[in-house]
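Numbering (the numbering used here), first residue to last: 309 to 403. Quick reminder that beta carbons are idealized off the backbone N, C-alpha and C, glycines included. Predicted, not measured: the structure shown is a model, and the values here were computed from it.
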Amino acid sequence: MNGSEKELRDIVMDGLAPRLRILGLAREAVDDDLDLFASGVLDSLSLIDLLMSVEQRLGQTLDFESLDFTRLVTLGALVEQLQGLRGAGKVGYAA
Numbered sequence: 309m310n311g312s313e314k315e316l317r318d319i320v321m322d323g324l325a326p327r328l329r330i331l332g333l334a335r336e337a338v339d340d341d342l343d344l345f346a347s348g349v350l351d352s353l354s355l356i357d358l359l360m361s362v363e364q365r366l367g368q369t370l371d372f373e374s375l376d377f378t379r380l381v382t383l384g385a386l387v388e389q390l391q392g393l394r395g396a397g398k399v400g401y402a403a
């Protein structure tokens, strides 16, 4: 994992922190293979909230239409897709 991916993973984990606390999950115990939906960490609405939080932290807008929501199941897949958006230039700076 390069520095940019680690930064993005940290931003995602910061966004997940309140839900992790509610579920009694330690941040350190969450690995890239955690199924965010089956574990109860996310549901469809909280995923959108998380993505908006990531946008805010990055100071960039994300091209949600470029995301494959069927693959946004694990933490690793989520970070990978967000990193892919950044690499493909599918982000814009918030005004």
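Short Cβ contact (8 Å threshold) for residue i with residue j
i: Arg-317; j: Val-362; result: no
i: Thr-382; j: Leu-333; result: no
i: Gln-391; j: Ser-312; result: yes
i: Leu-342; j: Leu-370; result: no
Cα-Cα separation, residue i to residue j
i: Ile-319; j: Met-360; result: 11 Å
i: Val-338; j: Glu-373; result: 27 Å
Spatially closest choice to residue i from the options, by CA coordinates
i: Leu-353; options: Phe-377, Leu-331, Asp-341, Ala-337; result: Phe-377
i: Leu-380; options: Thr-369, Arg-394, Ala-346; result: Ala-346
i: Ile-330; options: Asp-340, Glu-373, Thr-369, Leu-350; result: Leu-350
Per-residue burial, residue i [other beta carbons within 10 Å of its own, 16 or more giving buried]
i: Gly-323; result: buried
i: Ala-325; result: exposed
i: Glu-336; result: exposed
Residues sharing a beta bridge with residue i, DSSP
i: Asp-351; result: According to DSSP, Asp-351 bridges with nothing at all.
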